[in-house]
Amino acid sequence: MNLDFYKKQALQKQKEHKKFLDGLKKKPPKNLDYVVQETHDEVFEKIDCLQCANCCKTTGPLYTEKDIERISKHLRMKPADFEAKFLRVDEDNDKVLQNLPCYFLNDDNTCSIYDVRPKACREYPHTDRKKIYQINNLMIKNTVICPAAYEFVERIMKNLGK
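Numbering of the sequence shown is given in the working numbering, commencing with residue 347 and proceeding in unit increments.
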């Protein structure tokens, strides 16, 4: 997977993508949630996250209290010890990883805590959300990081005839 190619394409098309997504916000088609789900499924038939894992290498998820409890229990640690070992509080007062790439990312791009991974990881890149136009800014950011997010925006433009 050529991440440089996707990143360049995403940066070149940012204005076009933003304009399209803003149009969806102003006037969402009646069948938007259906088209979003269909497009998401199409994209993930072609793209295998295990070939990439760029999200795990370059961006850290937010850890909710539920995430911390679930993961620390899985690792047989106290939540406070888990936080001290792996997390820090960022400028937005969110709990995030101390370091990247993610500590739980294995050499083969699998996740050592996949079954208990944070909610943010389970939902990434958010291409199967209802009312997708509510996360336009996030989607634009994700197209630069995630080839699937880029492909999603390109295909949804095509699928909605833009």
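In this text, a Cβ means the ideal position worked out from N, Cα and C, and glycines have one as well.
- In the three-state reduction of the DSSP assignment, Lys371 falls in the helix class.
- If you draw a straight line from the Cα of Asp350 to the Cα of Val382, it is about 26 Å long.
- Cβ-Cβ distances below 8 Å link Lys424 to Ser418 in the same chain, with the five nearest sequence neighbours on each side left out; the list follows chain order.
- In the three-state reduction of the DSSP assignment, Lys465 falls in the helix class, which pools H, G and I.
- Boundaries cannot be given for Leu408, as no alpha helix (DSSP H) includes it and DSSP labels it neither H nor E.
- Collapsing the DSSP output to three states places Cys395 in a helix.
- Distances from the alpha-carbon of Tyr460 to those of Asn439, Thr385, Leu421 and Ile481 put Leu421 closest.
- For a cut-off of 8 Å, the C-beta gap from Leu484 to Lys441 is around 18 Å, too long to register as a contact.
- Between Ile491 and Val389, the alpha-carbon positions lie close to 15 Å from each other.
- Counting only the Cα atoms, Ala426 lies some 43 Å from Gln358.
- The beta-carbon separation of Ile481 and Gln360, rounded to 15 Å, does not stay under the 8 Å limit for a contact.
- By the 16-neighbour rule on beta-carbons within 10 angstroms, Ala494 is buried.
- Boundaries of the beta strand (DSSP E) harbouring Leu433: Leu433 to Val435, taken from the DSSP string.
- About 5 Å separates the CB atoms of His363 and Val499; that is less than 8 Å, so the two are in contact.
- Secondary structure note for Lys441: its beta strand (DSSP E) is the uninterrupted segment Lys441 to Leu443.
- According to the DSSP assignment, Arg501 belongs to the alpha helix (DSSP H) that extends over Pro493 to Asn505.
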